[in-house]
Structure formats: structure tokens, C-alpha cells
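A.B. asks: If you scroll down you'll find the structure; I have some questions about it.
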Amino acid sequence: MYGIPEFRLPKKIVQSEVDYVKSLGVDLKLDSVIGKIALVDELFEEGYDAVFLGTGAGLPIFMKLPGENLNGIYSANEFLTRINLMKAYQFPKYDTPIMVGKRVAVIGGGNVAMDSARCALRLGADEVYIVYRRSEAELPARREEVENAMEEGIVFKFLTAPVKYHSDKRGWVRSMECIQMELGEPDDSGRRRPIPIEGSEFTLDVDVVVIAIGNRPNPLVPSTTEGLDTTKWGTLVADEETGKTTKEMVWAGGDIVTGAATVISAMGAGKKAVDSMQKKLMHIEGEK
0 MYGIPEFRLP KKIVQSEVDY VKSLGVDLKL DSVIGKIALV DELFEEGYDA
50 VFLGTGAGLP IFMKLPGENL NGIYSANEFL TRINLMKAYQ FPKYDTPIMV
100 GKRVAVIGGG NVAMDSARCA LRLGADEVYI VYRRSEAELP ARREEVENAM
150 EEGIVFKFLT APVKYHSDKR GWVRSMECIQ MELGEPDDSG RRRPIPIEGS
200 EFTLDVDVVV IAIGNRPNPL VPSTTEGLDT TKWGTLVADE ETGKTTKEMV
250 WAGGDIVTGA ATVISAMGAG KKAVDSMQKK LMHIEGEK
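Start counting the sequence shown at 0; every next residue gets the next number (numbering that gives the first Met the number 0).
Below is the structure:
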């Protein structure tokens, strides 16, 4: 509902899926943060027999550059949430202000970056840039998303990386210092590593920047749950075929296990976990 723009996934389609799930008898408890209102262990104490964790990877990654905390610089999470879920595009009818200036730079090359750039264009920006440190061939976004963005007039600045942000006297971002890159040998991701070209710095005038370089799992649930092992990336350790975690009667799937991926892969993980959970619960019931 909040991450994918209306023009790419209409809300009525999502709502129909939610309504179908509710029609099956599922009870939706909204505005409830596990790890705050209740711990996983407390859910068991309340009578639940099994728990599935599908909390995703919603913690934005930043580059820790000078000036990154200036006004007018958003994480893609906040930018898209304000627009898609909180209806900032209908301000002031919906009281959710969002600043979209005349020149917007989106940092990153994934699907979220494409969504952010196309949203900025629809909210009235004159120029929108995708700033990506590798070449077009290495873009992680789906080709269709890239083509749509290009057709809509979004400017791609490949082999470019931000190094510093500059502000006006009121603390709002006004320009972005960038550097040109060249590609070296492949790194751990299999893509060629971007290397800064000395002396190639230049300044790009912008009044809004959206950081869309990825997300990591929120550590809230793992940090409040004993026996739940995590990887060095903060994802949960879970069996690939069943979704079973290292904690008894706890399963997990989606981005919380794989890191940021697709809705389709998350749905597949959920179905595998349900099958495993059902078999386990039926086995327990049969032993009684």
C-alpha cells in the first residue's frame, strides 16, 4: 500500500487481495508493532501456537555523506510513504505535506529509485535525475521500469556518485557535489566496481534529493527475541525450503530472510512456510 505507486500497482487491486484474505477468516490487527506492544515469546504466552515473521526490510540505508541530514533530503521510504499511503499528492485535502522542488535527484538504480523519480515528476518537478554510480548495463531495476522512466523524460546520470550536499542559509539542500566514476573489476555482487575519477568533481543544482540505495531489516524483532539467529546482514536465518527459523515454532519469509527482493518471492516464501507450519501443527495435534 505504501511502497508501490498507484500508477504501477493500483490500490484497489491491493485492497481486493486484503479483502479476500479477511474473507478467509484472518483477523488483521493493525497499528501493532511486535517488539513494542508484545514480544514474540509473549504471543506464545497469549495462546498462539506458531508465529510467522514477515516484517520485511524497511530500514533505509544512507551513504553518510556530509550534508545528508539537510532539509529536502528524503529516504525513499519516507518519500514514497508520504505520497502513496498518506496521500501527499492530494495536499491540503490530506494533511501530509511533502516538498518536491523543481530539480530532484534520486540516488540509486533499483525499482524503488524508478518509483521515486516517476512520483517526483508527477508531483510537478521540472527536472528529475537518476544518479547512479555504475553504467546503464548494471542497473538493477527491471528493464521495463527503466524504459518507462526514460520515456517520461527522467534524466539518467550514469557513472556518477554524490560526495557532498550544500545548503542555503535556512538549511535546505540547494546543490549536490558529484564525482564521475569508471568501472573496474567485478566486486562481490558480480558487477564491475565503480572507481572515482580524480579531478572529475562537478556540482548539480537540486532542491530535493531522494536516497534510494536499498534497505536492511529492522532489528526490532530479532533484538527482542531470544533464540532467533541472524546473519551479518541482519536478516533472519531460516530454512530455504520451509522458512523454519532457529527458534522453535517460529517461521519467517520474504525480505526479512532474503534481504530486499520482490513481492513474488516473498509470496512464495509465505506459501512454503504455511505448508511447513500446517504439517508441524497437525503432527503436534496428532500426538495429543
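Idealized CB from N, CA, C, for every residue including glycine.
#1: Considering only C-alpha positions, which residue in the set Glu184, Arg81, Ser74 and Ser264 is nearest to glycine 107?
#2: Cβ atoms of valine 50 and valine 249: under 8 Å apart, would you say?
#3: For the beta strand (DSSP E) containing serine 264, name the first residue and the last one.
#4: What distance in whole Å lies between the Cβ atoms of arginine 191 and glutamate 184, which are believed to be in contact at a cut-off of 8 Å?
#5: Less than 8 Å between the C-beta atoms of leucine 203 and glutamine 179, yes or no?
#6: Could you tell me the distance, in whole angstroms, from the CA atom of proline 59 to the CA atom of glutamate 286?
#7: Which residue's Cα is closest to the Cα of alanine 260: Asn110, Asp114 and Glu240?
#8: Can you tell me which residues form a DSSP beta bridge with tryptophan 232?
#9: Should serine 115 go down as buried or exposed, given a rule of 16 or more other Cβ atoms within 10 Å for buried?
#10: Quick one: what's methionine 62 bridged to in DSSP?
#11: For the region 42–49 against the region 87–96, do three or more pairs of beta-carbon atoms, one drawn from each stretch, fall closer than 8 Å, so that the two count as touching?
#12: In chain order, what residues of the same chain have a beta carbon less than 6 Å from the beta carbon of tyrosine 93, not counting five sequence neighbours either side?
#13: Would lysine 271 pass as a contact of glycine 242 if the rule is Cβ separation under 8 Å?
#14: Ignore the nearest five residues each way along the sequence and tell me which others in aspartate 187's own chain have a CB closer than 7 Å to its CB.
#15: Is the closest heavy atom of the ligand SAH to the C-beta of leucine 122 under 7 Å?
#16: Helix or strand or just coil, what does DSSP make of leucine 23?
#17: Can you tell me whether DSSP reads phenylalanine 78 as helix, strand or coil?
#18: Can you find the residues in the same chain that come closer than 7 Å, C-beta to C-beta, to valine 39, ignoring five residues on each side of it along the sequence?
C.D. replies: Reading from the atomic positions:
#1: Ser74
#2: yes
#3: Where serine 264 is concerned, there is no enclosing beta strand (DSSP E), although the alpha helix (DSSP H) it sits in stretches over 262–286.
#4: 7 Å
#5: no
#6: 45 Å
#7: Asn110
#8: Tryptophan 232 pairs with nothing; no bridge assigned.
#9: buried
#10: According to DSSP, methionine 62 bridges with nothing at all.
#11: no
#12: Lys86
#13: yes
#14: none
#15: Among the components of this structure there are no ligands whatsoever, and the ligand SAH is therefore not found.
#16: coil
#17: helix
#18: Ile33, Val50, Val220, Thr224 and Val249
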